Amino acid sequence: MIAYSEVSAFTRTPGQGNRAGVVLDAAGLSEAEMRELAAFLGAPETVFVIRLGRSAVRVRYFTPTQEVEFCGHATLALGLMLAQSGHWRGEALELETLAGRVPLRLISEAGVPQQVWMQQQRHEVRPLPTTLRAELAEALGIDARMIHRGLPMAAASTGLWSAFVPLLDPMILDGLQPDLEQIAMLSEALEVGSVYAYAPMGVNRLAARDFAPALGIPEDPVTGSAGGALMALLAQGGRLPVRAGRACGVIYQGHALGTPGEVEVEVEMRGDAVVAVHVGGCAVLEREGLWKRGATREG
12 MIAYSEVSAF TRTPGQGNRA GVVLDAAGLS EAEMRELAAF LGAPETVFVI
62 RLGRSAVRVR YFTPTQEVEF CGHATLALGL MLAQSGHWRG EALELETLAG
112 RVPLRLISEA GVPQQVWMQQ QRHEVRPLPT TLRAELAEAL GIDARMIHRG
162 LPMAAASTGL WSAFVPLLDP MILDGLQPDL EQIAMLSEAL EVGSVYAYAP
212 MGVNRLAARD FAPALGIPED PVTGSAGGAL MALLAQGGRL PVRAGRACGV
262 IYQGHALGTP GEVEVEVEMR GDAVVAVHVG GCAVLEREGL WKRGATREG
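Structure, rendered in structure tokens:
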């Protein structure tokens, strides 16, 4: 029997944010069994701890259909479980992922874990041709005139690639009627994991929706990896105020699915260059259970 936890990340409220599976002891699981357990849990991502050390933890991430190199909300969920299990009390800790090493930072109050912050991978950007604007708009179910011309449309990554599409306002975002088959084809053609639509709500506040059918996730409720990449993209392009070498912001996501969450981001800047991207938030344990090898959710 394999013990697992289900954790909602980027929220303090059970049933909101983004659900992740967490398996703290997966050393004895084969890759096929990790895939089976991820499919059993049915969360957008499940994180498996392959090796648990005091200063470094080796992990792997799986969606219900495939392995991915990195996942922000599952990382945050894992941080909470490591803290609640007594393994982590706030000392220096790094995750060893397929995307690289991810340092974690724990914020506690009166000894109670409150937030987990992660330093994401190096920020990378690939331009998207403006000729794709109409095709991306069609895939999202909107007119191309609803795409914001003053904000960046580009592919970016801090561990997992997404195509970022700016919209004029959050009302357009709420009304999207995505063609998931078309989005999956576009994602594969652009070599990204998802199409991430976003809209401004203020100087450093954004609303967003993330569609990842190519990864087996029709819509990801709240996305830490893409949130970090987006804020870094905006900071690099001069769209966020920078004070003392830092640009900060919040992304609100999940409202369209009835599972709202908040992603906090801090981007370290040196001139126009992104030095580091930090993403943080809260998490809450939903439930714990045991998985019998070969079991299905129905069984």
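Per our numbering, residue 12 is the first one in the sequence shown, and the count goes up by one each step.
We put the beta carbon where it would ideally sit given N, CA and C, even for glycine.
Keep in mind it's a predicted model, so treat the numbers as computed, not measured.
When the Cα atoms are used, what is the spatial distance from V253 to L187?
32 Å
Have a look at C293 and R23 and give me their C-alpha separation to the nearest angstrom.
6 Å
Check the DSSP bridge columns for S96 and list the partner residues they point to.
For S96, which the question treats as bridged, DSSP gives no partner whatsoever.
What's the C-alpha gap between A110 and T86?
13 Å
Give me the Cα-Cα distance between A210 and A218, rounded to the nearest whole angstrom.
5 Å
Where M12 falls: helix, strand or coil (DSSP):
coil
Within its chain, find whatever has a CB closer than 6 Å to the CB of V58; leave out the 5 residues flanking it on each side and keep chain order.
V33, V70, Y72, A85 and L89
For the ligand COA, any of its heavy atoms closer than 7 Å to the Cβ of G90?
The model on display carries no ligand, and the ligand COA is accordingly not part of it.
Does M242 come out as helix, strand or coil in the three-state DSSP assignment?
helix
From the DSSP secondary-structure annotation, give me the bridge partner or partners of L106.
V68 and V113
Under the three-state reduction of DSSP, which class applies to S41: helix, strand or coil?
coil
If I follow the unbroken beta strand (DSSP E) through E277, where does it start and stop?
G272 to R281
Taking the straight line between their C-alpha atoms, what separation do you get for A20 and T142?
36 Å
Note down the Cα distance separating M212 from P181, rounded to an integer number of angstroms.
7 Å
Does the structure place the stretch 233-241 close enough to the stretch 161-170 that three or more beta carbon pairs sit under 8 Å?
yes
Classify T57 as helix, strand or coil using the three-state DSSP reduction.
strand
Is G90 helix, strand or coil when you go by DSSP?
helix
Using only the alpha-carbon positions, how far apart do V261 and L48 sit?
32 Å
Exposure of S66, with buried meaning 16 or more beta-carbon neighbours within 10 Å
exposed
Can you grab the Cα-Cα spacing for the pair E146 / I194, in whole Å?
10 Å
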